[in-house]
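To start, the structure under review is shown below, and the notes come after it.
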Amino acid sequence: MTEQTSSFALQLRDDGVAVITMDVPGERMNVLKATFADEIKTLLAELKQNSSIKGVVLISGKPDSFIAGADISMLDGCNSAEEAEAIARLGQQVFADIEQLKVPVVAAIHGPCLGGGLELAMACHQRVVSDDGKTVLGLPEVQLGLLPGSGGTQRLPKLVGLQKALDMMLTGKQLRAKQALKAGLADAMVPNSILLDAAVQLALSGKKAVQEPKLNLVGKLLEKTGPGRGIVFDQARKQTLAKTHGNYPAPLKILQVIRTGIDKGMQQGLAAEAKAFGELCMTPESKALRSLFFATTEMKKESGAGDAKPRSLRKVAVLGGGLMGGGIASVTATKAGLPVRIKDIQQQGIANALAYGYQLLDKKAKRGFMRRTELQKQMALMTGTTDYSGFQDVDLVVEAVFEDLELKQSMVADIEQHCKEDTIFASNTSSLPIGQIAAKAKRPENVIGLHYFSPVDKMPLVEVIAHEGTSPETIATTVAFARKQGKTPIVVKDGAGFYVNRILALYMNEAAQLLLEGEPIEKLDKALVKFGFPVGPITLLDEVGIDVGAKIGPILQGELGERFAAPAAFDKLLADGRKGKKSSKGFYLYSGKAKGKKPVDASVYPLLGITPSPKLSSEELVQRTTVQMLNEAARCLEEGVIASARDGDIGAIFGIGFPPFLGGPFRYMDSLGAAKLVETLQGYEAKFGARFTPCELLLTMAAEQKTFY
1 MTEQTSSFAL QLRDDGVAVI TMDVPGERMN VLKATFADEI KTLLAELKQN
51 SSIKGVVLIS GKPDSFIAGA DISMLDGCNS AEEAEAIARL GQQVFADIEQ
101 LKVPVVAAIH GPCLGGGLEL AMACHQRVVS DDGKTVLGLP EVQLGLLPGS
151 GGTQRLPKLV GLQKALDMML TGKQLRAKQA LKAGLADAMV PNSILLDAAV
201 QLALSGKKAV QEPKLNLVGK LLEKTGPGRG IVFDQARKQT LAKTHGNYPA
251 PLKILQVIRT GIDKGMQQGL AAEAKAFGEL CMTPESKALR SLFFATTEMK
301 KESGAGDAKP RSLRKVAVLG GGLMGGGIAS VTATKAGLPV RIKDIQQQGI
351 ANALAYGYQL LDKKAKRGFM RRTELQKQMA LMTGTTDYSG FQDVDLVVEA
401 VFEDLELKQS MVADIEQHCK EDTIFASNTS SLPIGQIAAK AKRPENVIGL
451 HYFSPVDKMP LVEVIAHEGT SPETIATTVA FARKQGKTPI VVKDGAGFYV
501 NRILALYMNE AAQLLLEGEP IEKLDKALVK FGFPVGPITL LDEVGIDVGA
551 KIGPILQGEL GERFAAPAAF DKLLADGRKG KKSSKGFYLY SGKAKGKKPV
601 DASVYPLLGI TPSPKLSSEE LVQRTTVQML NEAARCLEEG VIASARDGDI
651 GAIFGIGFPP FLGGPFRYMD SLGAAKLVET LQGYEAKFGA RFTPCELLLT
701 MAAEQKTFY
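Residue numbering for the sequence shown follows full-length UniProt numbering, starting at 1 and increasing by one per position.
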């Protein structure tokens, strides 16, 4: 017999096993809501009354997911820490009721089992996972500025050990099925086709005592003794602060709550967990990170071109076998699952691109993330050519050659000659306006910009740049293609530097000005990293390439005006052969095999004619560089380069690592206040000139006391 409540169906089998199937109506994936508590309590009461039940299996009715977590939007409805704490306490109580059932309860997990979903699974007595690549288990709450609030901080260390639990909770790391089995988080792993049968067998085999995590001698000394645990927590705290610079409160709360549970027992641990959950919910950092989550979720539903529908793609080509070309080809084959043809003028270029793709896959295979057969299958999707053979049936071409307008225009002509009439030409230019690349095209409606960030396999953002003649269908198809590659695309208006490089250029230029004023390289970099950027501006210049900066600078200056003029002294760097990391010669020293922080190359100071002498505070360094970025971001919105403040925030966070806990440049400007920002800019304008002149939009907003959100 089967009974269905709104999200849960209960089936009582002839063998005495009760199967609870969770299938939230109208949702692609199951998410937990506070309103489910009464439904679950009713189900549990029914199970307790039925003495013929020998075991319970909890499974998902969704084809590709178990439970993706809790419904984050319910937290935005909380007006106080106490309200959020009550939600956590409710979850804890419901999961405790499941744990206290007299019969064995088994979670049958296929697909993502994350956050509240894993907390529910850990409250069950055993867990069986499918061996499918989609199956992942994790507690990613820290990425939303939160901690697991329904018992996760207390149950995970008991199952996998303290060190593994800390690693998972402090980073949000997810375990694949095989890793979960090895760690003790899963009790069995089977093919998805027999998942339910295996779970039923486990339920019928009776309750098993909780297995102690497998630890070696050092592990036992560290986790089973007071002094050992003290060392683990101290080290975890040090590493956390080194990574977060104290900008994120959630990791420190996680450490505190786990320690409470270990030192004072489960009940006090749960009380501390619920309280900390409520407090974190109200922090500006969590609100900013949650806004980012909602923004990216919302963007996934948009085509980027109104009602236009994307065309389906069957084959893609990449022009250029360099690092960018190789990276683009790799994500096309491995993430989008599309065959990709790589064209380069030399065989060596093709060989390099294929080798790059292989290295990325080989790493995954060595770490057990994929089978060798899958690696071979994905490599088979990538082929190469030095001419245009195999291009006649290509649907979309991504061009990744040098920043040279004539070369790119000749590539457009070649593609129009060798491909279909509706083949899309997407240029991965970082600075040249797409309208100029399309200027001589026979079919300009097919030409678009698709600007990736390096390294392509790691950086989540792409800018999709439509010139005035690009068709809506071309935009929608390109946006859909970028999403298939696992990217977050933002659609931006055509123009030099587009959005991301444009706001980055002024930030980098200001850092260069500060350096020329005598501020030491390491002090500049340290100040901006402490503020929340992943690397400092001078390190970034070395990594991107000083020559690349030198090439983009004049293009931006020519198109956008004098505020983009880079310091002339930087020409001396290139004359001295300093291109940065790629030439092992830049602002930092790259000789020697020492890992970790690179020392500054002090010979760069006399070359630039400066003597380093720190004069400004770290706060002043941060302010002078970031207000340039903020002012230009507002100007981009004013000019329609970006469609919304939301797109501007996503672009800056995913494209250049703007501090996520601040929510992006526009949310940060809202927190500062437009009037305060204008006052700061005008103060610098009086001192340093027109490069700090506030844009009209900020002046208007300051006068009218408006905010972006």
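C-beta atoms are modelled at their ideal positions from N, C-alpha and C, and glycine is treated no differently.
Computed from a predicted model, the values in this text were never measured in an experiment.
Contact under 7 Å by Cβ, residue i with residue j
i, j, result
"Glu223", "Gly161", "yes"
"Ala70", "Leu32", "yes"
"Ser603", "Asn501", "no"
"Gly435", "His467", "yes"
"Gly486", "Lys377", "no"
"Leu147", "Ala236", "no"
"Met370", "Ala329", "no"
"Ala242", "Thr260", "no"
"Gly518", "Ser613", "yes"
"Gly640", "Lys493", "yes"
"Val7", "Val24", "The question names Val, but residue 7 in the sequence shown is Ser. For Ser7 and Val24, yes; Cβs fall inside 7 Å."
"Gly152", "Glu99", "no"
"Phe498", "Val622", "no"
"Ala203", "Thr135", "no"
"Ser130", "Asn192", "yes"
"Val57", "Val17", "yes"
"Gln228", "Leu221", "Note on residue identity: the sequence assigns Gly, not Gln, to residue 228. Yes, the pair counts as a contact, with Cβ atoms nearer than the cut-off."
"Ala188", "Ala198", "yes"
"Ser65", "Pro112", "yes"
Beta-carbon contacts of residue i that lie in its chain and below 7 Å, excluding the five residues immediately before and after
i, result
"Thr385", "Arg341 and Lys343"
"Gly663", "Ala288, Ser291, Leu292 and Asp649"
"Ala274", "Glu85, Ala88, Arg89, Gln92 and Gly149"
"Ala480", "Pro310"
"Ala645", "Leu637, Phe666, Phe708 and Tyr709"
"Gly138", "Leu114, Leu118, Met168, Gly172, Lys173, Gln174 and Leu175"
"Asp547", "Leu574 and Lys579"
"Ala441", "Val412, Glu416 and Val447"
DSSP-derived helix/strand/coil call for residue i
i, result
"Ser291", "helix"
"Lys208", "coil"
"Lys493", "strand"
"Arg667", "helix"
"Phe8", "strand"
"His451", "strand"
"Leu215", "coil"
"Gly230", "helix"
"Gln174", "strand"
"residue 712", "Since the first and last residues shown for the chain are 1 and 709, residue 712 lies out of range."
"Lys343", "strand"
"Arg13", "coil"
"Ser286", "helix"
"Gly349", "helix"
"Ala183", "helix"
"Met22", "strand"
"Thr477", "helix"
"Thr160", "A small correction: the amino acid at residue 160 is Val; Thr does not occupy that position in the sequence shown. Val160: helix per DSSP, three-state reduction."
"Leu137", "strand"
"Phe425", "strand"
"Arg443", "coil"
Own chain partners of residue i with C-beta closer than 6 Å, once the 5 adjacent residues on each side are dropped
i, result
"Lys597", "none"
"Met1", "Unreliable placement is indicated for Met1, whose pLDDT of 48 sits below 50; the coordinate value is still reported in the next sentence. Correct list, in chain order: Leu12."
"Leu195", "Ala108, His110 and Ser130"
"Gln143", "Gly172"
"Asn509", "Ala566"
Close Cβ partners of residue i (< 8 Å) along its chain, the five nearest in sequence each way excluded
i, result
"Leu43", "Thr5, Phe8, Leu10 and Ile20"
"Lys408", "Glu399, Val401, Ser427, Thr429, Leu432 and Ile437"
"Ala333", "Pro339, Val340, Gly357, Gln378, Met379, Leu381 and Met382"
"Gln705", "Ala674 and Ala675"
"Met459", "Tyr452, Phe453, Phe654 and Gly655"
Residue i CB to nearest heavy atom of the ligand ATP below 6 Å
i, result
"Val24", "Among the components modelled here there is no ligand, and therefore nothing to report on the ligand ATP."
Exercise for the section: Would you mind listing the alpha helix (DSSP H) stretches within the region 575–647 that are 4+ residues and don't spill past its ends, in chain order? Expected result: Those alpha helix (DSSP H) runs which fall completely within the region 575–647 and span 4+ residues are 604–608 and 618–638.
| request: Let me know the beta strand (DSSP E) ranges lying completely inside the region 301–333, each 3 residues or longer, listed in chain order. | output: Runs of the beta strand (DSSP E) inside the region 301–333: 316–319.
Count Cβ pairs between the region 473–489 and the region 295–310 that sit closer than 8 Å; are there 3 or more?
Per the Cβ contact rule, the region 473–489 is in contact with the region 295–310 (3 or more Cβ pairs under 8 Å).
Cβ contact check for the region 688–702 and the region 624–644: 3 or more pairs under 8 Å: The region 688–702 vs the region 624–644: in contact.
- Query: For the region 98–125, which segments carrying the alpha helix (DSSP H) assignment without a break, of at least 4 residues, lie completely within its bounds, in sequence order?
  - Reply: 116–123
- Task: Indicate whether the contact test is met: 3 or more Cβ pairs, each with one atom in the region 557–570 and one in the region 518–529, closer than 8 Å.
- Result: no
- Message: Runs of 4 residues minimum, wholly inside the region 53–106: which ones carry the alpha helix (DSSP H) assignment?
- Response: 73–76 and 81–99
Touch test, the region 319–327 against the region 676–691, Cβ-Cβ under 8 Å, three pairs minimum:
no
In the region 358–419, which residue ranges form an unbroken alpha helix (DSSP H) of at least 4 residues, counting only runs that do not cross its ends? 372–379 and 405–418
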